[in-house]
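When you read off a place in the sequence shown, starting at 1, and then add 13, the result is the number in our numbering. Below is one structure, written out as structure tokens; the observations come after it.
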Amino acid sequence: MRVFIITLAGAVGGAVLAVALVFTLAANGWMPINDRQMQTYLMQHPDLAPAMMGQAQILNDKKQQAVQDAALKKVGHAAFFDPAIAFVTGPADAKATMVEFYDYDCPYCRASLPAVKKYYEAHKNDTRFSFIEFPIKQLHGESAILAARASLAARRQPEHYMDFHFALLAQEDAITEQMITAEATKAGMDLNKLKADMADPGIEKSLQSSIALAHKVGVDGTPTFVLNGKFHPGALDEETLTNEMKG
14 MRVFIITLAG AVGGAVLAVA LVFTLAANGW MPINDRQMQT YLMQHPDLAP AMMGQAQILN
74 DKKQQAVQDA ALKKVGHAAF FDPAIAFVTG PADAKATMVE FYDYDCPYCR ASLPAVKKYY
134 EAHKNDTRFS FIEFPIKQLH GESAILAARA SLAARRQPEH YMDFHFALLA QEDAITEQMI
194 TAEATKAGMD LNKLKADMAD PGIEKSLQSS IALAHKVGVD GTPTFVLNGK FHPGALDEET
254 LTNEMKG
């Protein structure tokens, strides 16, 4: 079995792909090879390690994509557009759809902001958008949770929400109460209402529902986009976003 895989892979892609296949298959329990053998081989062939890991990552990404596609089929695309979970905007009958799971303190979400904002401004009348909170406390601490609660509360003033949302994502430091107050004021929001809504137990329920949805469809990092029903994990630039939405 092992000789066959190495021979076949070597024929189509050389030693690097062969090794990547062997180690990926082993990591998934599909063929017998132990950690010591892996370590020994890599120590003997250090030049193969970077490329091997790249090939293995591609295979693992495809596996993750398959898992997410299956989960999406199970929960249904409409789950992303539940107003109890997401801020939904754009025509209900739009053929194009864009979903984003984000964390306000995530640097990659912030890096994607220019592309997302520009696309939103150009297509808010012909695309259905869904913005879903997925704060990762383990990475960004309580500030990410604070920002998510403020965002959920801001949805109750929908005419000001997108300005507030984009303003929070444009911050360079961890989100604070002072930032929330400042950006809410600039967006023209009622601050007393915002603070009262942030304390509403319903906000925590919505937050937990959005996190549960993320876990249910296999989202484990931010940003994660679902563009016309297809998952795209990681940051997006303008060109990639435009092409993905066309495709």
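Glycine included, each C-beta is placed from N, C-alpha and C at the ideal position.
Task: Separation of Ala200 from Met175, as counted between CA atoms - done: Each residue's CA atom was taken as its position, placing Met175 and Ala200 some 9 Å apart.
Task: Three or more C-beta pairs below 8 Å linking the segment 224–242 and the segment 111–124 - done: Segments in contact, yes.
Open item on the list: Rounded to whole angstroms, what is the Cα-Cα separation between Asp250 and Lys130?
Closed with: Straight-line Cα distance between these residues: approximately 11 Å.
Task: Euclidean distance between Cα positions of Lys150 and Gly247 - done: Rounded to whole angstroms, Lys150 to Gly247 spans 18 Å at the Cα level.
TODO: For the alpha helix (DSSP H) containing Tyr117, list its first residue and its last residue.
DONE: Run containing Tyr117: none; DSSP gives neither H nor E here.
Task: Segment contact, 8 Å Cβ cut-off, at least three pairs: the segment 96–107 with the segment 132–144 - done: Here the segment 96–107 lies against the segment 132–144, with 3 or more beta-carbon pairs under 8 Å apart.
Open item on the list: Rounded to the nearest angstrom, what separates Arg169 and Leu220 at their Cα positions?
Closed with: Near 14 Å, if we compare the C-alpha coordinates of Leu220 and Arg169.
Task: Sequence-distant residues of the same chain with beta carbon closer than 7 Å to Met270, five excluded per side - done: This structure does not reach residue 270, given that the chain is present from 14 up to 260, and the question cannot be answered.
- [ ] My understanding is that Ser156 touches Ala183, with C-beta atoms under 8 Å, so please give their C-beta distance in whole angstroms.
- [x] Between Ser156 and Ala183 the beta-carbon gap is near 15 Å, outside 8 Å, which marks them as no contact.
- [ ] Assign Val230 to one of two classes, buried (16 or more other C-beta atoms within 10 Å of its C-beta) or exposed (fewer than that).
- [x] The residue in question, Val230, is buried, as its Cβ has 16 or more Cβ neighbours within 10 Å.
Task: Where Ala128 falls: helix, strand or coil (DSSP) - done: The three-state reading of DSSP puts Ala128 in helix, counting H, G and I together.
- [ ] Compute the distance between the beta-carbons of Ile145 and Phe114, then report whether it is under 8 Å.
- [x] Judged by beta-carbon spacing, Phe114 lies within the 8 Å limit of Ile145, meaning their Cβ atoms are closer than that value.
Open item on the list: Is the beta carbon of Met211 closer than 8 Å to that of Met111?
Closed with: No; because the gap between Cβ atoms is not below 8 Å, this pair is not in contact.
Task: Runs of beta strand (DSSP E) lying entirely within the segment 218–249, each at least 3 residues, in chain order - done: With a minimum length of 3 residues, the continuous beta strand (DSSP E) runs that stay inside the segment 218–249 are 237–240 and 243–246.
Task: Residue environment, Leu152, which counts as buried when at least 16 other CB atoms sit within 10 Å - done: Looking at its Cβ environment, which holds fewer than 16 other Cβ atoms inside 10 Å, Leu152 is exposed.
TODO: Have a look at the DSSP bridge pairing and note the partners of Arg141.
DONE: Looking at the DSSP assignment, Arg141 forms a beta bridge with Thr110.
- [ ] Look at Ala97 and Ser222 and say whether their C-beta atoms are less than 8 Å apart.
- [x] Their beta carbons are under 8 Å apart, which means Ala97 touches Ser222 by this criterion.
Open item on the list: Using only CA atoms, which one of Lys243, Leu254 and Pro148 lies nearest to Gly89?
Closed with: Residue Lys243 is the option with its Cα nearest to Gly89.
TODO: Give the straight-line distance between the Cα atoms of Ala225 and Ala135, rounded to the nearest whole angstrom.
DONE: If you take the alpha carbons of Ala225 and Ala135, they lie about 31 Å apart.
- [ ] Note down, in chain order, each residue of its chain lying with its Cβ closer than 7 Å to the Cβ of Leu204, except the 5 sequence neighbours on either side.
- [x] Here the set comprises Thr194, Ala197 and Thr198.
Task: DSSP three-state assignment for Glu185, whether helix, strand or coil - done: Note: Glu185 maps to coil in three-state DSSP.
Open item on the list: Once DSSP output is grouped into helix, strand and coil, what is the label at Phe177?
Closed with: Helix.
Task: Selected residue, minimal CA-CA separation from Lys206, among Phe93, Ala128 and Ala163 - done: Of the candidates Phe93, Ala128 and Ala163, Ala163 places its Cα closest to the Cα of Lys206.
- [ ] Would you give the residue range spanned by the beta strand (DSSP E) that Ala212 belongs to?
- [x] Here Ala212 belongs to no beta strand (DSSP E), and DSSP marks it neither H nor E.
Open item on the list: Checking the sheet assignment: what are the DSSP bridge partners for Thr102?
Closed with: Looking at the DSSP output, Thr102 bridges to Phe142.
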